[in-house]
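Presented below is the structure to which this report refers.
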Amino acid sequence: PLSMRWPESTKKQISYVFLMPLVLPLWITLPDVRNNRSKRFFMVTFFGSILWIAIFSYLMVWWAHQVGETIGITEEIMGLTILAAGTSIPDLITSVIVARKGLGDMAVSSSVGSNIFDITVGLPMPWLMFSLVKGFAPVTVSSNGLFCAIVLLFLMLLFVILTIAACRWHMNKLLGFSMFLLYFVFLIISVMLETRTLHCPVSI
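Under the numbering used here, the first residue of the sequence shown carries the number 1, and numbering increases by one thereafter.
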C-alpha cells in the first residue's frame with residue numbers, strides 16, 4: 001500500500017518532494033485497492049485514474065503551450081519534442097517493466113500497439129467531438145513539412161525493421177543505440193522542416 005511517510009534517505013526525500021504534487025491528489029481521491037478494505041472500490045480507482053490522466057494531460061499541453069509562447073517555440077516543435085517525450089513516458093515504464101520480466105515480445109508489441117491506438121483512436125476521437133460540437137465543421141491541420149514528415153516516418157519504420165533484422169531479431173545494446181540514433185535523426189529533420197530550414201516540395 002502507498003505510504004505518505006517522510007522517507008529516511010536523502011535520495012528518497014528528494015524524489016518525495018518532486019512527486020508530492022502528483023501523488024498527493026491521487027492519494028486523497030483514489031482508494032488504494034492493494035488494501036483489503038478498499039478492494040471493492042476498484043471501479044472507483046479505475047475510472048478515477050482515467051480522469052486524473054485526462055487532467056494531467058490537459059495541464060501538460062497547456063503548460064507546454066505557455067512555455068512555447070514564452071520562449072518563442074512553435075506548437076508543432078513543442079509537440080514533436082516535449083509533448084511527444086512526455087506522453088511516451090508511460091509506454092517507456094511499461095516496456096521496461098515487462099522487458100525485465102523477460103517478456104520482450106510484449107514490450108515491443110506494447111510500444112507498437114500504443115502508437116497505432118494513438119493514430120487510429122487518439123487523434124480521430126477529439127476531431128470527431130470537435131466537429132460534432134461545431135456543426136460538422138472540418139478540423140484544419142496546418143504544418144510546414146507534414147507531407148515530408150509522414151514520408152520520413154515511413155522511411156524510419158523501414159529502417160527500424162532493417163535494424164532489428166540486422167540484429168538477428170534480438171533486442172540488445174546495439175539495437176537500442178540504433179533506435180536512439182534513428183529517433184534523433186527523425187527529430188532533427190522534422191524540426192528543420194517545421195522551421196523551413198529544409199523545404200518540403202509538397203506543402204499541406
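Note that beta-carbon positions come from the ideal geometry of N, C-alpha and C, so glycine has one too.
Item                                                                                                        : Value
Which listed residue (110, 23, 74) has its alpha carbon closest to that of residue 49                       : 23
Nearest-angstrom beta carbon gap, residue 88 and residue 110 [assumed within contact, 8 angstroms]          : Actually they are not in contact, since the Cβ atoms of residue 110 and residue 88 sit about 11 angstroms apart, beyond 8 angstroms.
Cutoff 7 angstroms; reference residue 174; Cβ partners in own chain excluding five residues on either side  : 167
Environment of residue 193 [buried if 16+ CB atoms lie within 10 Å]                                         : buried
Member of 133, 140, 172 whose CA lies at the smallest distance from the CA of residue 102                   : 172
Candidates 132, 92, 80, 151: closest to residue 184 by CA position                                          : 80
Close beta carbons around residue 182, own chain, < 8 angstroms, minus the five adjacent residues each side : 156, 159, 160, 163
Run of the alpha helix (DSSP H) containing residue 200, from where it starts to where it stops              : Residue 200 -> no alpha helix (DSSP H), and no H or E assigned at all.
Alpha carbon of residue 178 to alpha carbon of residue 69, nearest angstrom                                 : 33 angstroms
Inter-residue Cα distance where the pair is residue 60 and residue 6                                        : 27 angstroms
Residue 134 (DSSP reduced to helix, strand or coil)                                                         : coil
Rounded C-alpha distance that separates residue 137 from residue 131                                        : 5 angstroms
Assigned exposure category for residue 8 - 16 Cβ within 10 Å defines buried                                 : exposed
Which listed residue (78, 40, 112) has its alpha carbon closest to that of residue 92                       : 112
Residue 154 vs residue 202 beta-carbon contact at 8 angstroms                                               : no
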